[in-house]
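Going by UniProt numbering, the first residue of the sequence shown is number 1, and it counts up by one from there.
We treat Cβ as the ideally placed atom computed from N, Cα and C, and that holds for glycine.
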Amino acid sequence: MLVIEVTNAREVVRKRVGRLGERLLGTVVDAEAQVERALLQELETAFREFGIQARIYSVEGMQMIGRSHLELPVTVRDQRTVD
1 MLVIEVTNAR
11 EVVRKRVGRL
21 GERLLGTVVD
31 AEAQVERALL
41 QELETAFREF
51 GIQARIYSVE
61 GMQMIGRSHL
71 ELPVTVRDQR
81 TVD
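Here it is, written out as structure tokens:
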């Protein structure tokens with residue numbers, strides 16, 4: 001199982017839409033969720049190309065604590081099944 005924690009979602013959004021756009025979008029759009037949606041799409045495409053079957057989840061509320069603990073609860077924001 002892989003866990004990918006995006007640690008610079010706001011910076012990624014800022015690079016895409018600029019500082020003013022980030023401020024405007026920040027009140028409406030969750031930067032982390034937006035970046036995760038883009039990553040889900042890229043992973044899905046890559047997995048299909050390699051013939052990998054997987055379930056990819058975008059979850060809310062999970063947080064890494066150091067290198068050895070994962071804090072829960074988990075709320076699933078999105079899910080893809082790649083066949």
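Just tell me which of the options has its CA closest to the CA of residue i.
| i | options | result |
| --- | --- | --- |
| T75 | S68, E42, E60 | E60 |
| Y57 | E36, R16, H69, D30 | E36 |
Between the C-alpha atoms of residue i and residue j, what's the straight-line distance to the nearest angstrom?
| i | j | result |
| --- | --- | --- |
| R14 | Q34 | 12 Å |
| F50 | D83 | 11 Å |
| E11 | I52 | 30 Å |
| V17 | A9 | 12 Å |
How many whole angstroms separate the CB atoms of residue i and residue j, which I take to be in contact at a CB cut-off of 8 Å?
| i | j | result |
| --- | --- | --- |
| E32 | V3 | That pair is no contact at about 14 Å. |
| R80 | E44 | 5 Å |
| M64 | L70 | 6 Å |
| F47 | A54 | 6 Å |
(message) To test your reading of the DSSP string, which unbroken alpha helix (DSSP H) runs of 4 or more residues are found completely within the segment 24-77?
(response) Listed in chain order, they are 31-50.
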